[in-house]
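Please read the structure below before turning to the comments.
Number of protein chains: 2
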Amino acid sequence: MSEIQRPGALYQQVAAAIREAILSGEFAPDSLLPSEAQLMTRYAVSRPTVRNAIAALRTEGLIDVRHGKGSFVRSSGQPTLTLERRISRTREGKFVMPTGDIWQEAEEPHTYRTRTTKSTGRLLQLGEEEALFGCDRLLIDPGTGTRAMHRTLIPFEVAEAVPLLGEEPCKPAAAVYWVLAQAGHNLTWTETVRAHMPLPDERAALQLPDATPVLHVARVAHDADERPLMLEELRFGADRAELAYRITADKQPARRTRP
Amino acid sequence: MSEIQRPGALYQQVAAAIREAILSGEFAPDSLLPSEAQLMTRYAVSRPTVRNAIAALRTEGLIDVRHGKGSFVRSSGQPTLTLERRISRTREGKFVMPTGDIWQEAEEPHTYRTRTTKSTGRLLQLGEEEALFGCDRLLIDPGTGTRAMHRTLIPFEVAEAVPLLGEEPCKPAAAVYWVLAQAGHNLTWTETVRAHMPLPDERAALQLPDATPVLHVARVAHDADERPLMLEELRFGADRAELAYRITADKQPARRTRP
DNA sequence: AGTCATCACTCGTAAGGACAAGTGACGTCA
DNA sequence: TGACGTCACTTGTCCTTACGAGTGATGACT
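If you're matching them up, the sequences are chains A and B in order. Numbered by the working numbering, the letters in the first sequence go through residues 1 to 259 in order. Numbered by the working numbering, the letters in the second sequence go through residues 1001 to 1259 in order.
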């Protein structure tokens, strides 16, 4: 019986009505929305129109639809996992990362050889088609069930200069840093954060619900002269985890890294 | 004429076929896909099925559809803007942020009073329903046209203790930091990064295309005793900009901030 | 009492038709 | 030649119909 007229298409009016009801709390989180049939009579529209409205709310991430059960208001809970992107050194000089403890490997790591893409080449300051060692892992946090895809990329050039690396390039990142430091490198890191919608394979591997973006962190390890040594990538569903950084003020105005 | 059978639904088979053609480069970026009518005859399916397949590719962010023109392969270009989340201090003690130079205000800032939500309360380590000053800005980078929503939240309690703040709580963030430092606070910051799908108002304000997540950074300024003083939030389309952080190794293993 | 078939409800898939609305090119008319 | 109307093409919206498939409760049969 609710009546509407304002905006454009019918299905958008229906979607707007349901959206308001959700945001105003009229439909509580995790509660069941009216069925398609009920919405049809409620707004006096056909089933495609109702389904179109529901599809819009799905892509906004407002609702979850379960086959045979109905549509549920998504509980917009905060991410349960906070990934602190910090790196520490023990007195023995080993590297420790707060995330190192929590992840477990869901599968055997997969090692391979590949070449730089436009994206990874830019981060590593290499041309395209440069040879790299790659290592992919699928990680799980047993506490929350959060999944993440992890990738390590090391240029041939770097691995060859550090014998311990060439033998076994698929170590955990902290171990690689240790080896690089032993080889005389003075490490700092730059992280780049992006978000994108998952492709079907990412959706499956990370077990993502509808309308869930992927957060993508690329951590580049630099030598003291700012030349990149390796790349570490992490991807996970933005519904499960968030990133945390600590910032302190530089003493002098730093100059731009990209002039 | 392309024939397929494997996975589940018809429209998913069609979507998979087009997706492969795009990812393999058969359909180049920015090129025009076959029209719905052509796809109907190509795969011998009805128009709803074709539209369903296209809708799937839209939510994956693979294509853009323009009314009256057709479907175009989205050029998955890297973000054009890199936001370096760094804070420096000049010799006079003023705060300088690399992003400070680029943004222009698209509208007058909007000042208001509000209360903590569950989300902002957690970040500011306050209960719910605590009083805050708020200030919203819509920012534009004239170089790339990138838009961003900026928000500053300052607890009453903090503003009252710092007279210069209470008078004009809607200063630029760097100026607020300066005032806080003048009042004797020793500032450090913690940033939290998340991503989510935009609601219609965010989509409109940021002028986002389909299937574009919003990156959300929350920067909390802490006093030396780790107590939060204020919150600065920034949101923007993940297709236009990325975040960059610099990390150096702590000398000792830092203890967790959230025990 | 326990097991299992049935049924009624949900959403998912697929087809058909019809018309509206945006876009650009072509051709006519002044 | 120039301006403008028309037309063919595109996607957008909306309806009707039909059946498949997942879920849970009900009830009958063993």
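Cβ atoms here follow ideal geometry from the backbone N, Cα and C, with glycine treated the same way. From a predicted model like this one, the values you see are computed outputs, not experimental measurements.
Below-7 Å beta-carbon distance, residue i vs any chain B residue
i, result
"A/S46", "no"
"A/A221", "no"
"A/D225", "no"
"A/R246", "yes"
"A/L243", "yes"
"A/H185", "no"
"A/L215", "yes"
"A/D250", "yes"
"A/A238", "yes"
"A/E20", "no"
"A/Q12", "no"
"A/I4", "Here A/I4 scores only 41 on pLDDT, less than 50, and its place in the model is too uncertain to base an answer on."
Span of the alpha helix (DSSP H), counted from its first residue to its last, around residue i
i, result
"B/W1178", "A1173 to Q1182"
"A/V45", "Looking at the DSSP string, A/V45 is not in any alpha helix (DSSP H), and its letter there is neither H nor E."
"B/V1214", "Looking at the DSSP string, B/V1214 is not in any alpha helix (DSSP H); the run it does join, the beta strand (DSSP E), is V1214 to H1222."
Residue-chain proximity (residue i, chain A), Cβ-Cβ < 7 Å
i, result
"B/P1209", "no"
"B/A1017", "no"
"B/D1064", "no"
"B/T1041", "no"
"B/G1061", "yes"
"B/P1259", "Unreliable placement is indicated for B/P1259, whose pLDDT of 39 sits below 50; the coordinate value is still reported in the next sentence. No, its Cβ sits nowhere closer than 7 Å to a Cβ of chain A."
"B/A1009", "no"
"B/R1151", "no"
The beta strand (DSSP E) enclosing residue i, as first and last residue numbers
i, result
"A/L199", "Here A/L199 belongs to no beta strand (DSSP E), and DSSP marks it neither H nor E."
"B/L1123", "Where B/L1123 is concerned, there is no enclosing beta strand (DSSP E), although the alpha helix (DSSP H) it sits in stretches over K1118 to L1124."
"B/V1014", "Run containing B/V1014: none in the beta strand (DSSP E); it sits in the alpha helix (DSSP H), L1010 to L1023."
"B/E1157", "B/E1157 -> not in any beta strand (DSSP E); alpha helix (DSSP H) instead, spanning F1156 to A1161."
"A/I247", "A241 to I247"
"B/R1115", "H1110 to R1115"
"B/L1033", "It is not in any beta strand (DSSP E) - B/L1033 carries neither H nor E in the DSSP assignment."
"B/L1081", "L1081 to E1084"
For residue i, the residue or residues it bridges with in DSSP
i, result
"B/M1149", "B/L1138 and B/R1235"
"A/V65", "A/S71"
"B/E1191", "A/Y245 and B/R1219"
"A/S88", "A/V96 and B/D1250"
"B/M1230", "B/A1221"
"A/F133", "A/R113 and A/I154"
"B/E1105", "B/L1139"
Distance CB(residue i)-CB(residue j) smaller than 7 Å
i, j, result
"A/L124", "A/T99", "no"
"A/L206", "A/R85", "no"
"A/P213", "B/P1079", "no"
"B/A1218", "B/E1233", "yes"
"B/T1111", "B/E1128", "no"
"B/I1063", "B/R1074", "yes"
"A/F95", "A/W178", "yes"
"B/S1035", "B/G1068", "no"
"A/Q223", "A/H185", "The amino acid at residue 223 of chain A is misidentified as Gln; the sequence shows Asp. Going by C-beta atoms, A/D223 is nearer than 7 Å to A/H185."
"B/A1015", "B/A1056", "yes"
"A/A174", "A/M97", "yes"
"A/A211", "A/T59", "yes"
Residue i CB to nearest heavy atom of the ligand FMN below 6 Å
i, result
"B/R1115", "This structure lacks the ligand FMN; in fact it carries no ligand of any kind."
### Message
Please list, in chain order, the residues of the region 77-96 of chain A that have any C-beta partner in chain B closer than 8 Å.
### Response
Q78, P79, T82, E84, R85, R86, I87, S88, R89, T90, R91, F95 and V96
### Task
Below 8 Å between beta carbons is the criterion; list the residues of the region 1188-1209 of chain B that meet it against any residue of chain A, in chain order.
T1188, W1189, T1190, E1191, T1192, V1193, R1194, A1195, H1196, M1197, P1198, L1199 and P1200
### Task
Return the residues of the region 1104-1134 of chain B that lie within a Cβ-Cβ distance of less than 9 Å from chain A, sorted by chain order.
K1118, S1119 and R1122
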